[in-house]
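Chemist:
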Amino acid sequence: MIIKSAEFVCSNTQISKLPPPVRPEYAFIGRSNVGKSSLINMLVNKKGLAKTSQTPGKTQLINHFIINENWYLVDLPGYGYARISKSKKEDWDKFIRNYLNKRESLQCVMVLIDSRLEPQKIDLEFCNMLGEKGLPFALIFTKADKQSTTKTDQNVARFKKALLATFEEVPDIFITSAETAVGKDEVLSFIHQINQHFTPPLISPKGGEF
Ligand SMILES: Nc1nc2c(ncn2[C@@H]2O[C@H](COP(=O)(O)OP(=O)(O)OP(=O)(O)O)[C@@H](O)[C@H]2O)c(=O)[nH]1
Ligand SMILES: [Mg+2]
Numbered sequence: 002m003i004i005k006s007a008e009f010v011c012s013n014t015q016i017s018k019l020p021p022p023v024r025p026e027y028a029f030i031g032r033s034n035v036g037k038s039s040l041i042n043m044l045v046n047k048k049g050l051a052k053t054s055q056t057p058g059k060t061q062l063i064n065h066f067i068i069n070e071n072w073y074l075v076d077l078p079g080y081g082y083a084r085i086s087k088s089k090k091e092d093w094d095k096f097i098r099n100y101l102n103k104r105e106s107l108q109c110v111m112v113l114i115d116s117r118l119e120p121q122k123i124d125l126e127f128c129n130m131l132g133e134k135g136l137p138f139a140l141i142f143t144k145a146d147k148q149s150t151t152k153t154d155q156n157v158a159r160f161k162k163a164l165l166a167t168f169e170e171v172p173d174i175f176i177t178s179a180e181t182a183v184g185k186d187e188v189l190s191f192i193h194q195i196n197q198h199f200t201p202p203l204i205s206p207k208g209g210e211f
């Protein structure tokens with residue numbers, strides 16, 4: 002898929018204020034600092050579109066970006082940031098769960114996993130929660146430039162194995178790097194495939210191509 006345009010639309014904490022659910026949407030989620038915002042920028046060739054930082058906890062709202070005037074990428078705050086107050090954590094849980102439960106146009110949750118790490122309990126729990134809700138998800142391993150392919154493959158294999166303790170099959174898996182753009186074509190063509198099958202609701206979006 003060729004990216005012709007990518008624009009910021011809005012930031013929200015309230016589901017009621019999100020754009021109308023008339024276009025296919027893909028949410029990027031994962032631990033704080035895993036590289037969600039960087040991956041979005043890499044996919045759409047626009048450094049600085051989603052705000053990134055070396056300090057975890059940078060993204061704090063539900064951020065919608067419209068791509069090719071016809072589908073949304075959504076940047077979400079990360080989970081598992083230790084230096085966050087209990088009440089903030091509860092707020093996070095509430096509004097992310099609410100978003101995941103209620104967003105009709107959400108086509109696939111893209112769960113980002115740090116490819117340098119062995120399977121982390123918090124990531125497996127998050128995947129299990131999605132599985133219990135019946136929400137489609139894909140796994141995106143990030144920061145693959147930071148170590149050898151062998152090491153990445155080992156961690157991916159371990160994660161798959163851990164998932165198979167609770168799932169019958171593993172979801173689609175992508176290995177990516179925001180630095181080298183590894184995995185870009187694969188992720189975009191995955192999204193493109195799903196976009197092709199999106200059935201617009203009664204109000205159809207104006208113009209544009211998927
Ligand atoms: N080497 C390398 N660094 C990366 C990659 N992706 C992200 N980073 C770095 O990791 C740090 C965190 O990246 P972000 O994209 O802000 O991470 P995030 O998941 O959006 O973080 P929060 O919004 O805080 O949850 C930044 O310093 C990025 O430059 C990657 O693929 N390779
Ligand atoms: Mg971010």
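Heads up: the sequence shown begins at 2 in the numbering used here, then just goes up one per residue.
Using N, Cα and C, we set each Cβ at its ideal position, and we do this for glycine too.
1. Does the Cβ of Thr60 lie closer than 7 Å to at least one heavy atom of ligand 2?
2. What is the DSSP secondary structure of Glu210, counted as helix, strand or coil?
3. Between Tyr108 and Pro21, is the Cβ-Cβ spacing less than 8 Å?
4. Three-state secondary structure (DSSP) at Ser12?
5. With DSSP as the reference, identify every bridge partner of Ala28, one or two as the case may be.
6. Assign Ser116 to one of two classes, buried (16 or more other C-beta atoms within 10 Å of its C-beta) or exposed (fewer than that).
7. Please report how far the alpha carbon of His198 lies from the alpha carbon of Phe191, in whole angstroms.
8. Could you pull the start and end residues of the alpha helix (DSSP H) that His193 belongs to?
9. Apart from the five residues just before and just after Tyr100, which ones in its own chain have a Cβ nearer than 7 Å to its Cβ?
10. Would Ala179 pass as a contact of Gly36 if the rule is Cβ separation under 8 Å?
11. Would you check if there are 3 or more beta carbon pairs closer than 8 Å linking the region 44 to 51 to the region 126 to 140?
12. Between the C-alpha atoms of Leu140 and Glu70, what's the straight-line distance to the nearest angstrom?
13. Pick helix, strand or coil for Asp173, following the three-state DSSP scheme.
14. Roughly how many angstroms separate the alpha carbons of Ala163 and Leu125, rounded to a whole number?
15. Helix or strand or just coil, what does DSSP make of Phe127?
16. Run the CB neighbour count on Thr143, radius 10 Å, all protein chains shown included, and call it buried at 16 or more, exposed below.
17. What's the call for His65, buried or exposed, on a 16-neighbour Cβ count within 10 Å?
18. Mark Asn34 as exposed unless 16 or more other C-beta atoms lie within 10 angstroms of its C-beta, in which case mark it buried.
19. In the DSSP output, what is Phe168 paired with across the bridge?
20. If you compare alpha carbons, which of Gln55, Leu19, Lys161, Arg98 is closest to Ile30?
21. Between Leu19 and Thr167, what straight-line distance do the alpha-carbon atoms span, to the nearest angstrom?
Modeler: Per the coordinate set shown:
1. Stepping through the sequence shown from its first residue, residue 60 is reached at position 59. Yes - ligand 2 has a heavy atom lying nearer than 7 Å to the Cβ of Thr60.
2. By one-based count along the sequence shown, residue 210 stands at place 209. Any reading at Glu210 is ruled out, since the residue's pLDDT is 46, under 50, leaving its predicted position unreliable.
3. Taking the first residue of the sequence shown as 1, we reach residue 108 at position 107. Taking the first residue of the sequence shown as 1, we reach residue 21 at position 20. Before going on, a small fix: residue 108 reads as Gln here, not Tyr. For Gln108 and Pro21, no; Cβs fall outside 8 Å.
4. Here residue 12 corresponds to residue number 11 of the sequence shown, with the count starting at 1. Strand.
5. Here the question's residue 28 lines up with position 27 in the sequence shown. In DSSP, Ala28 forms a bridge with Val75, Val110.
6. On the sequence shown, residue 116 is found 115 positions in, with the first residue counted as 1. Buried: at least 16 other Cβ atoms inside 10 Å.
7. If you number the sequence shown from 1, residue 198 lands on position 197. If you number the sequence shown from 1, residue 191 lands on position 190. Going from the Cα of His198 to the Cα of Phe191 covers about 12 Å.
8. For the purposes of this step, residue 193 is taken as residue 192 along the sequence shown, with counting starting at 1. Here the alpha helix (DSSP H) through His193 covers 185 to 197.
9. Taking the first residue of the sequence shown as position 1, residue 100 is located at position 99. Ile16, Ile63, listed in sequence order.
10. Counting from 1 along the sequence shown, the entry for residue 179 is found at position 178. Counting from 1 along the sequence shown, the entry for residue 36 is found at position 35. It is a contact, given that the beta carbons lie within the stated cut-off.
11. no
12. Start at 1 with the first residue of the sequence shown, and residue 140 comes out as number 139. Start at 1 with the first residue of the sequence shown, and residue 70 comes out as number 69. If you take the alpha carbons of Leu140 and Glu70, they lie about 25 Å apart.
13. Counted from its first residue, the sequence shown places residue 173 at position 172. Of the three classes helix, strand and coil, the one that applies to Asp173 here is coil, per DSSP.
14. Within the sequence shown, numbered from 1, the residue matching residue 163 stands at position 162. Within the sequence shown, numbered from 1, the residue matching residue 125 stands at position 124. When rounded, the distance between both Cα atoms is 8 Å.
15. The residue you call residue 127 lines up with position 126 of the sequence shown. Of the three classes helix, strand and coil, the one that applies to Phe127 here is helix, per DSSP.
16. Here residue 143 corresponds to residue number 142 of the sequence shown, with the count starting at 1. Thr143 comes out buried.
17. Reading the sequence shown from its first residue, position 64 is the one you call residue 65. Residue environment for His65: buried (at least 16 other C-beta atoms within 10 angstroms of its C-beta).
18. If you number the sequence shown from 1, residue 34 lands on position 33. With 16 or more Cβ atoms within 10 Å of its Cβ, Asn34 is classed as buried.
19. The residue labelled residue 168 in the question sits at position 167 within the sequence shown. Answer is none; Phe168 lacks a bridge partner.
20. Walking along the sequence shown from the start, residue 30 turns up at place 29. The residue with the shortest Cα to Cα distance from Ile30 is Arg98.
21. Along the sequence shown, one-based indexing puts residue 19 at 18. Along the sequence shown, one-based indexing puts residue 167 at 166. When rounded, the distance between both Cα atoms is 33 Å.
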